[in-house]
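Student: Please find one structure pasted underneath; my questions will follow.
There are 2 protein chains.
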Amino acid sequence: MFAEFYTSRLSGTTLEKLEGVLEKKITVLSRSEVESGDVILKAAETGKTGFLVPGDPLISTTHIALRIDAKQRGIETRVVHNTSINSAAPGLSGLFNYKFGASSSIPFPSEGYRPDSFYHVASENKKRGLHTLLFLDIKDRLMTVNEALKILLDIERDKGLNVARNDSIVVGLGCVGSETPVFIAGRINDLISRDFGPVPHVLIMPGELHFMEEEYLKEFGGL
Amino acid sequence: MFAEFYTSRLSGTTLEKLEGVLEKKITVLSRSEVESGDVILKAAETGKTGFLVPGDPLISTTHIALRIDAKQRGIETRVVHNTSINSAAPGLSGLFNYKFGASSSIPFPSEGYRPDSFYHVASENKKRGLHTLLFLDIKDRLMTVNEALKILLDIERDKGLNVARNDSIVVGLGCVGSETPVFIAGRINDLISRDFGPVPHVLIMPGELHFMEEEYLKEFGGL
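Chains E and C supply the protein sequences, listed in that same order.
The letter at position 45 of the first sequence is residue 375 when you use this note's numbering, and the numbering goes up by one with no holes.
The letter at position 53 of the second sequence is residue 383 when you use this note's numbering, and the numbering goes up by one with no holes.
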């Protein structure tokens, strides 16, 4: 039984608890071990092999590539679906699921490299009244909602497409799926200094709000 | 412990199995009982109450309204997330999750009433290269992929936006989340007569395909 936690992190449980429930020893693989696929496929060639990932499997491109590899080597695979941030974030925030446009990721900017495609995705969605789910980067550490908002304001200052102004309403979520998720809705200039609890965090930029969505954000998100 | 199965159907398990796992008797509520909320909220005012729904809770507007009602009556609620077709469909089909635009639903047409907003949602997504997840109507029975494709071709004939031609590639999924899901990719004129197994079904209209998405559709969906 293998697992990887680099495409996301476990929240609300531990490796030990998982081993207890499954009554199996779990070997955690590194990013390169997952990407090469060798360890998992070698095991799967000789016996029944499980590979645990956080969230719904095959949401990450790496897992899609791995399943294709397995098929081409004649290894039969089966997917057991799981709760994913892709449905839990709309669910927890009360924002209507069918009003979410394309999602995107906010990467950590670095010296001379400041990607902004997520900003344009959010802008396109907003033009059509749609919400945007933004995943936050995971490197040696996980990006917080606060950092993500600063990055958005910086890009807004340059591009000026009216996507992320100081008074824009946004929704920050933390530890979704755990017993104590954080759900805060408000203006960017208020949320930028709020505490969203332990990472992982995600950020939602709402489009047009239906009155029931607005009511939900007020009742549960403190808008 | 209550449950409803009118926003979707159970697949891959039975009510009896659920009762066995939970070691509790489950009362299945009708649509009107869920929408009025009375039965559940009355029970919740006097004791710990569970409400089971298929998929991730709060994806359906009815559940959002119910949680707002509970809050306003001073009843504390907690959401336990679950696998949803919203992430399982991208997962199973190998289509990249972040490339899904807004989703929509195909209703059963009736005498003098033939809604087509889902067609325009698919058209808007397609213009941007994005995929569209289409939920199929649930009335006294559940719509099949085959019926959905016929409806789409009918609308295409009228509107002509080049969304659903005979040779357009589509993906049909059946019984997602069960041990024997159906996943077939192909041209509409081929898929319209194929068997997608027991309902529930969903339909995906892909936008531009990345080479890895195409490979996955070929390896697993028989494209």
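For every residue, glycine included, the Cβ atom is placed at its ideal position computed from N, Cα and C.
Let me check understanding here. Comparing Cα to Cα, which of C:Arg-524, C:Lys-429 and C:Ile-518 lies closest to Asp-497 of chain C?
Tutor: Locating residue 497 of chain C in the second sequence gives position 167, counting from the first residue. Looking at the Cα atoms, C:Ile-518 is the closest of the given residues.
Student: Would the stretch 380-395 of chain E and the stretch 336-354 of chain E be scored as touching if the rule is three or more Cβ pairs under 8 Å?
Tutor: Taking 8 Å as the limit for Cβ pairs, the verdict is that the stretch 336-354 of chain E does touch the stretch 380-395 of chain E.
Student: With 16 as the cutoff for other CB atoms within 10 Å, does Gly-537 of chain E come out buried or exposed?
Tutor: The residue you call residue 537 of chain E lines up with position 207 of the first sequence. Classification of Gly-537 of chain E: buried, given that the 10 Å Cβ count is 16 or more.
Student: Helix, strand or coil for His-411 of chain C per DSSP?
Tutor: For this step, residue 411 of chain C is matched to residue 81 along the second sequence. In this structure, His-411 of chain C counts as coil in the three-state DSSP scheme.
Student: Ala-452 of chain C to Lys-429 of chain E, Cα distance in whole Å?
Tutor: Here residue 452 of chain C corresponds to residue number 122 of the second sequence, with the count starting at 1. Here residue 429 of chain E corresponds to residue number 99 of the first sequence, with the count starting at 1. Cα-Cα distance, rounded: 13 Å.
Student: Using a 10 Å radius around the Cβ and a threshold of 16 neighbouring Cβ atoms, would you call Lys-354 of chain E buried or exposed?
Tutor: Numbered from its first residue, the first sequence carries residue 354 of chain E at position 24. By the 10 Å Cβ count, Lys-354 of chain E comes out exposed.
Student: Could you give the uninterrupted runs of the alpha helix (DSSP H) lying entirely in the stretch 449-495 of chain E, keeping only those of 4 residues or more?
Tutor: Segments of the alpha helix (DSSP H) lying fully in the stretch 449-495 of chain E: 475-489.
Student: List, in chain order, every chain C residue whose beta-carbon is nearer than 8 Å to that of His-411 of chain E.
Tutor: Within the first sequence, numbered from 1, the residue matching residue 411 of chain E stands at position 81. Result: Thr-413, Ser-417, Ala-418, Gly-421, Leu-422, Val-506 and Gly-507.
Student: Is the beta carbon of Pro-511 of chain C less than 8 Å from the beta carbon of Leu-521 of chain C?
Tutor: By one-based count along the second sequence, residue 511 of chain C stands at place 181. By one-based count along the second sequence, residue 521 of chain C stands at place 191. Not in contact: Pro-511 of chain C and Leu-521 of chain C (Cβ atoms no closer than 8 Å).
Student: Can a CB atom of chain C be found closer than 8 Å to the CB of Arg-487 of chain E?
Tutor: As a first step, residue 487 of chain E is located in the first sequence; it is residue number 157 there, counting from the start. Chain C contact via Cβ: absent.
Student: Near Glu-544 of chain E, what residues of its chain come up, given a Cβ to Cβ distance below 8 Å and the 5 sequence neighbours on each side ignored?
Tutor: The residue labelled residue 544 of chain E in the question sits at position 214 within the first sequence. Answer for Glu-544 of chain E: Leu-553, listed in chain order.
Student: Would you call the stretch 525-535 of chain C and the stretch 469-486 of chain C touching, i.e. three or more CB-CB distances under 8 Å?
Tutor: Verdict: yes, contact present.
Student: Taking contact to mean at least 3 C-beta pairs separated by less than 8 Å, is the stretch 442-460 of chain C in contact with the stretch 415-424 of chain C?
Tutor: No, the stretch 442-460 of chain C is not in contact with the stretch 415-424 of chain C.
Student: Strictly by DSSP, which residues pair up with His-531 of chain E?
Tutor: As a first step, residue 531 of chain E is located in the first sequence; it is residue number 201 there, counting from the start. For His-531 of chain E, which the question treats as bridged, DSSP gives the partners E:Gly-504.
Student: Tell me whether the beta-carbon of Ser-433 of chain E lies closer than 8 Å to the beta-carbon of Leu-463 of chain E.
Tutor: Locating residue 433 of chain E in the first sequence gives position 103, where the first residue counts as 1. Locating residue 463 of chain E in the first sequence gives position 133, where the first residue counts as 1. Yes.
Student: Gly-428 of chain C by DSSP, collapsed to three states: which one?
Tutor: By 1-based counting over the second sequence, the position of residue 428 of chain C is 98. A quick correction: the sequence has Tyr, not Gly, at residue 428 of chain C. Three-state DSSP puts Tyr-428 of chain C in a helix.
Student: Identify the contact partners of Ser-434 of chain C in chain E, using a Cβ-Cβ distance below 9 Å as the criterion.
Tutor: Indexing the second sequence from 1 puts residue 434 of chain C at position 104. What Ser-434 of chain C touches in chain E: Tyr-428.
Student: Going by beta carbon distance, what residues of the same chain come within less than 8 Å of Asn-427 of chain E, once the five residues before and after it are set aside?
Tutor: Along the first sequence, read from residue 1 onward, the residue named residue 427 of chain E stands at position 97. Excluding positions up to five away in sequence, the list reads Ser-417, Pro-420 and Gly-421.
Student: To the nearest angstrom, report how far apart Phe-332 of chain E and Val-358 of chain E are at their CA atoms.
Tutor: Translated into the one-based positions of the first sequence, residue 332 of chain E becomes position 2. Translated into the one-based positions of the first sequence, residue 358 of chain E becomes position 28. Going by the C-alpha atoms only, they are around 6 Å apart.
Student: Would Ala-494 of chain E and Met-542 of chain C be called neighbours here (beta carbons separated by less than 8 Å)?
Tutor: Residue 494 of chain E sits at position 164 when you count from the first residue of the first sequence. Residue 542 of chain C sits at position 212 when you count from the first residue of the second sequence. Contact: no.
Student: Less than 8 Å separating the beta-carbons of Gly-551 of chain E and Val-501 of chain E?
Tutor: Position 221 of the first sequence holds residue 551 of chain E. Position 171 of the first sequence holds residue 501 of chain E. In this structure, Val-501 of chain E lies closer than 8 Å to Gly-551 of chain E by Cβ.
Student: With DSSP as the reference, label Phe-541 of chain C as helix, strand or coil.
Tutor: Taking the first residue of the second sequence as position 1, residue 541 of chain C is located at position 211. Correct three-state label for Phe-541 of chain C: helix.
Student: For Ser-366 of chain E, name the three-state secondary structure that DSSP assigns.
Tutor: Taking the first sequence and counting its residues from 1, one reaches residue 366 of chain E at position 36. DSSP places Ser-366 of chain E in helix when its eight states are reduced to three.
Student: How long is the line joining the alpha carbons of Val-365 of chain C and Ala-374 of chain C, rounded to whole angstroms?
Tutor: Taking the second sequence and counting its residues from 1, one reaches residue 365 of chain C at position 35. Taking the second sequence and counting its residues from 1, one reaches residue 374 of chain C at position 44. It is Glu, not Val, that sits at residue 365 of chain C in the sequence shown. Each residue's Cα considered, the two are about 15 Å apart.
Student: With distances taken Cα to Cα, identify the nearest neighbour of Gly-556 of chain C among C:Glu-509, C:Ile-370, C:Lys-456 and C:Gly-442.
Tutor: Outside the displayed span of chain C (331 to 553) sits residue 556 of chain C, for which this structure offers no information.
Student: How is Leu-521 of chain E classed by DSSP in three states: helix, strand or coil?
Tutor: Within the first sequence, residue 521 of chain E is the residue found at index 191, counting from 1. Three-state DSSP puts Leu-521 of chain E in a helix.
Student: From what residue to what residue does the alpha helix (DSSP H) around Ile-394 of chain C run?
Tutor: One-based indexing of the second sequence puts residue 394 of chain C at position 64. 391-402 is the span of the alpha helix (DSSP H), which, as asked, contains Ile-394 of chain C.
Student: So, does the CB of Lys-401 of chain C fall closer than 8 Å to a CB anywhere in chain E?
Tutor: Sequence index remark: in the second sequence, residue 401 of chain C carries index 71 (1-based). Yes, because at least one Cβ of chain E sits closer than 8 Å to the Cβ of Lys-401 of chain C.
Student: When the cut-off is 8 Å and only beta carbons count, does Phe-550 of chain C lie next to chain E?
Tutor: Here residue 550 of chain C refers to the residue found at position 220 of the second sequence. Yes, Phe-550 of chain C counts as interfacial toward chain E.
Student: Counting only Cβ-Cβ distances shorter than 8 Å, please list the residues of the stretch 368-396 of chain E near chain C, keeping chain order.
Tutor: Under the 8 Å Cβ criterion, the stretch 368-396 of chain E contributes Gly-385, Asp-386, Pro-387, Leu-388, Ile-389, Thr-391, Ile-394 and Ala-395.
Student: Would you please state the rounded distance, in angstroms, between the beta carbons of Leu-547 of chain C and Ala-515 of chain C? I believe it to be under 8 Å.
Tutor: The residue given as residue 547 of chain C occupies position 217 in the second sequence. The residue given as residue 515 of chain C occupies position 185 in the second sequence. Correct: roughly 4 Å between the Cβ atoms.
Student: Assign Leu-382 of chain E to one of three DSSP states: helix, strand, or coil.
Tutor: Along the first sequence, read from residue 1 onward, the residue named residue 382 of chain E stands at position 52. Residue state, collapsed to three classes: strand.
Student: Considering only their Cβ atoms, is the gap separating Ile-370 of chain C from Glu-549 of chain E smaller than 8 Å?
Tutor: If you number the first sequence from 1, residue 549 of chain E lands on position 219. If you number the second sequence from 1, residue 370 of chain C lands on position 40. No. Outside cutoff.
Student: Which same chain residues end up closer than 8 Å to Arg-403 of chain C when comparing Cβ atoms and leaving out the 5 residues on each side of it in sequence?
Tutor: Start at 1 with the first residue of the second sequence, and residue 403 of chain C comes out as number 73. So the list reads Leu-371 and Glu-375, once near-sequence residues are dropped.
Student: Using a threshold of 8 Å, state whether the C-beta atoms of Ile-481 of chain E and Ile-436 of chain E are closer than that.
Tutor: Against the first sequence, residue 481 of chain E aligns to sequence position 151. Against the first sequence, residue 436 of chain E aligns to sequence position 106. Yes, these two residues count as a Cβ contact at 8 Å.
Student: Against chain C, which members of the stretch 513-546 of chain E pass a CB distance test of less than 7 Å?
Tutor: Listed in sequence order: Met-542, Glu-545 and Tyr-546.
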